[in-house]
């Protein structure tokens, strides 16, 4: 079985989009996934399945809808693709709390970088389905606008690295 990382879009701790980690875990298990683990309260899960990526994504979306009545958008990556994304990231050794990778269902057009202004020295790169951004002063203070992109979901490098470790453990490969 292959390990997958699921990142849900627009999950919030309170109010609209609220989803407890226990509910996410229950939805993953209802979809037939094994070794399910969640990480923090922002819609992150790791699990193993024999399903292909598209079937696993659909199964999780349907289980979430049945359990919560909410239609969450699910971004799903195999462990191999997720680790390749992290290895290819130009964010490197910068502050992982100020470095965010945004994931999209379809690869963004790299030409969109020409329309973005980086007023506070942010660096932005597009690689495949991901936009890699370093915010020197933090994302909360940044004036950077990621215009022209479809809706996606972002996580900082601390979270993404932890999910990578969890996925390796899920597959029984602690590399």
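Numbering (our numbering), first residue to last: -7 to 167. Just so it is clear, CB atoms sit at the ideal spot from N, CA and C, and this is done for glycine as well. From a predicted model like this one, the values you see are computed outputs, not experimental measurements.
Query	Result
From the DSSP output, in three-state form, read off residue 51 for me.	helix
Kindly indicate which residue of 161, 139 and 134 has the alpha-carbon position closest to the one of residue 90.	134
Per DSSP, what kind of secondary structure is residue 162 in: helix, strand or coil?	helix
Please name the residue, chosen from 155, 4, 28 and 117, that lies closest to residue 64 on a Cα-to-Cα basis.	4
Rounded to a whole number of angstroms, what is the C-alpha to C-alpha distance between residue 47 and residue 11?	22 Å
What distance in whole Å lies between the Cβ atoms of residue -1 and residue 67, which are believed to be in contact at a cut-off of 8 Å?	4 Å
Contact defined as beta carbons within less than 8 Å: I believe residue 38 pairs with residue -5. What is the distance between those atoms, to the nearest angstrom?	6 Å
So for residue 104, helix, strand or coil by DSSP?	helix
Suppose contacts are defined by Cβ-Cβ distances below 8 Å. Is residue 124 in contact with residue 95 by that definition?	no
Rounded to whole angstroms, what's the CA-CA distance from residue 148 to residue 41? Just pull it up for me.	26 Å
Report the rounded CA-to-CA distance for residue 73 versus residue 120, giving the unit in angstroms.	11 Å
Taking only three categories from DSSP, how would you classify residue 74?	helix
Looking at the strands, I want to know which residues DSSP matches up with residue 145.	95
Thinking C-beta only, is residue 112 closer than 8 Å to residue 136?	yes
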